[in-house]
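For the sequence shown, numbering that gives the first Met the number 0 gives the first residue as 0, with consecutive numbering after it.
For each residue, glycine too, the CB sits at the ideal point set by N, CA and C.
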Amino acid sequence: MPYKARLARGIRTLKEVAHFVRCIPFFDEERYKPLTEEVWSSPDIMLERNSGTEMDHALLMASMFRAV
Numbered sequence: 000m001p002y003k004a005r006l007a008r009g010i011r012t013l014k015e016v017a018h019f020v021r022c023i024p025f026f027d028e029e030r031y032k033p034l035t036e037e038v039w040s041s042p043d044i045m046l047e048r049n050s051g052t053e054m055d056h057a058l059l060m061a062s063m064f065r066a067v
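The structure is reproduced here in structure tokens:
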């Protein structure tokens, strides 16, 4: 039986996943661009940091969609 990730309690639909991800603030990538290279964060790092770039949000949402 393939492994199926478990979502946070209460998230059961794609709409709820989208709402959850939308509530995470965006990291101001342009402000820090001279200091950093473009690096995509894994979903767990983004959740730990409680902010992320557009790509980080997309990766988190795709990961959560797969788990629904």
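In this structure, residue 40 lies away from residue 24, with their beta-carbon atoms at least 8 angstroms apart. Contact annotation, residue 52 with residue 29: C-beta distance approximately 10 angstroms; criterion of less than 8 angstroms not satisfied. Under the three-state reduction of DSSP, residue 26 is assigned to coil, being neither helix nor strand.
Annotation: the continuous alpha helix (DSSP H) that includes residue 62 extends over 53-66. Our two residues, residue 8 and residue 57, have alpha carbons roughly 21 angstroms apart in a direct line.
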